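For reference, the structure discussed in these notes is given below.
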Amino acid sequence: MTVDRRTFLKSAAVAGGALGLHALPAHAAPFTSEGVSSAAGSAPPSRAAAPLRILILGGTGFIGPEQVHYALARGHTVTLFNRGQTNSWLFPNVEKLQGDRNAAGGLDALKGRTWDVVIDNPTGKPQWIVDAAAVLKGNVGHFFFVSSTGVYANTERVSPNESSPLLELSPISGPQADAAGYGSRKARCEQLVEEAFPGKSTIVRPGLIVGPGDLSDRFTYWPWRIERGGEILAPGQYEDPVQWIDVRDLSQWMIRLAESRTTGIFNAVGPQAPIGIGGMLYGIKSVYSNDSRFTWVPQSFLTEQKIRSWAEMPVWTYAGASTYAYCTSKIDKALAAGLNFRPLSETVRDGMAWYHSRPADQQERLRAGLPRAREAEVLAAWRARRGR
Numbered sequence: 004m005t006v007d008r009r010t011f012l013k014s015a016a017v018a019g020g021a022l023g024l025h026a027l028p029a030h031a032a033p034f035t036s037e038g039v040s041s042a043a044g045s046a047p048p049s050r051a052a053a054p055l056r057i058l059i060l061g062g063t064g065f066i067g068p069e070q071v072h073y074a075l076a077r078g079h080t081v082t083l084f085n086r087g088q089t090n091s092w093l094f095p096n097v098e099k100l101q102g103d104r105n106a107a108g109g110l111d112a113l114k115g116r117t118w119d120v121v122i123d124n125p126t127g128k129p130q131w132i133v134d135a136a137a138v139l140k141g142n143v144g145h146f147f148f149v150s151s152t153g154v155y156a157n158t159e160r161v162s163p164n165e166s167s168p169l170l171e172l173s174p175i176s177g178p179q180a181d182a183a184g185y186g187s188r189k190a191r192c193e194q195l196v197e198e199a200f201p202g203k204s205t206i207v208r209p210g211l212i213v214g215p216g217d218l219s220d221r222f223t224y225w226p227w228r229i230e231r232g233g234e235i236l237a238p239g240q241y242e243d244p245v246q247w248i249d250v251r252d253l254s255q256w257m258i259r260l261a262e263s264r265t266t267g268i269f270n271a272v273g274p275q276a277p278i279g280i281g282g283m284l285y286g287i288k289s290v291y292s293n294d295s296r297f298t299w300v301p302q303s304f305l306t307e308q309k310i311r312s313w314a315e316m317p318v319w320t321y322a323g324a325s326t327y328a329y330c331t332s333k334i335d336k337a338l339a340a341g342l343n344f345r346p347l348s349e350t351v352r353d354g355m356a357w358y359h360s361r362p363a364d365q366q367e368r369l370r371a372g373l374p375r376a377r378e379a380e381v382l383a384a385w386r387a388r389r390g391r
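For what it's worth, our numbering labels the leading residue of the sequence shown as 4, then goes sequentially.
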């Protein structure tokens, strides 16, 4: 169905009240040499009570820059370790150590050094954890590992908490480890982290990470499409669950966990209150003033048309889909540990400002979502099915 004005206003009011929606400013800050800037006009963070020495493995991709930016603003000393190939121009005043974790002796630059905290962002290979532990064990006080809600088994219907069953663990190394699924490898990494750093590890399981710097375009597809206006194919039912987390909320919270020496395992997704795809879409729509309108197409018809959740219809899932747990994870532990969330409007505003700063060829080729021509075909087929 195409949603009328009354339905839109009601849904927008609910989404606005829950998510703090407001108008879209003209621009937001993209990457700078010192990392991802905080939202325009926001106050700088206060200094931490005690400075930490933080080693970030990676640090220049998607999650890392905001961790560095926030840690420096809080008064901590940061060292980066990576290959020096991704965004190497970032953070010219931060110590940088170079090495390749796939190479023999690739971690030699870390030998003999000590840090209060290590944050391992990019690891999806169990052998990398084994190698890092061999060099860092006894030399670090606290080890952070960025995992994923993709570690959970039975993802079609469960709403997992941190104690829910995990996928079968992958081998540590070799061809079978390389061929194992992402979630199985992450689950094995978690086990290895806890074994190497007992009582001194924090494992964070994000879901979909969004915001400035996101090259996946999975969340970006929706504000991109709504920005263009007109009739928009909206998937499934209003209440089909969605979850995401702004990269800045995730990164800043991790630094605060390090400051408080908080250990354990945490799902890390939002928003704070459960929301459906309808609330998210109307929330994004409230940021824009155009003629965009939603036509809701049932999941069964989308399946007939080979339109998939988290592919052609990103962020969206439904009961029975293999992606269901990605959008229904329990976050009580994270909330109790201080995880908080910025308004959806801020994520949309800053994410789209960053999107518009990208080269034109990248803007034209989204990596996720439904091409406009295919969207028109599916909408026409749905109207024909309904006899309109």
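We put the beta carbon where it would ideally sit given N, CA and C, even for glycine. Just so you know, these numbers come straight off a predicted model, no measurement behind them.
Item                                                                                                                         : Value
Given residue 269 as reference, the closest of 225, 218 and 340 once Cα atoms are compared                                   : 340
Short Cβ contact (7 Å threshold) for residue 150 with residue 206                                                            : yes
Residue closest to residue 51, alpha-carbon to alpha-carbon, out of 65, 78 and 60                                            : 78
Entirely enclosed beta strand (DSSP E) segments - the stretch 141-180, minimum 3 residues                                    : 143-149
Cα-Cα separation, residue 88 to residue 62                                                                                   : 11 Å
Three-state class that DSSP yields for residue 125 in the structure shown                                                    : coil
Residue 394 vs residue 172 beta-carbon contact at 7 Å                                                                        : Because the chain here runs from 4 to 391, residue 394 falls outside it and cannot be looked at.
Environment of residue 184 [buried if 16+ CB atoms lie within 10 Å]                                                          : exposed
Proximity below 7 Å, CB of residue 225 to CB of residue 132                                                                  : no
Simplified DSSP assignment, three categories, for residue 362                                                                : coil
Beta-carbon proximity list for residue 280, same chain, < 6 Å, skipping 5 on both sides                                      : 243, 245 and 319
Residue 171 beta carbon near the ligand ZN (any heavy atom closer than 6 Å)                                                  : Because no ligand of any kind appears in the structure shown, any question about the ligand ZN cannot be addressed here.
Segment contact, 8 Å Cβ cut-off, at least three pairs: the stretch 102-114 with the stretch 135-146                          : yes
Beta-carbon proximity of residue 223 to residue 358, cut-off 7 Å                                                             : yes
For residue 70, the three-state DSSP class (helix, strand or coil)                                                           : helix
Endpoints, the beta strand (DSSP E) within which residue 204 is located                                                      : 204-209
C-alpha gap between residue 134 and residue 103, whole angstroms                                                             : 11 Å
Neighbourhood of residue 295 by C-beta distance below 7 Å, restricted to the same chain and skipping five residues each side : 229, 232, 233, 235 and 288
Anticipated Cβ contact below 8 Å, residue 69 with residue 82, distance rounded                                               : At roughly 17 Å, the Cβ-Cβ gap does not stay under 8 Å, so residue 69 and residue 82 are not in contact.
Which listed residue (303, 153 and 371) has its alpha carbon closest to that of residue 330                                  : 153
Buried/exposed call for residue 123, threshold 16 Cβ in 10 Å                                                                 : buried
Reduced DSSP category for residue 226 - H, G, I as helix; E, B as strand; rest coil                                          : helix
Proximal residues to residue 387 (C-beta, below 6 Å), its chain only, five neighbours per side dropped                       : none
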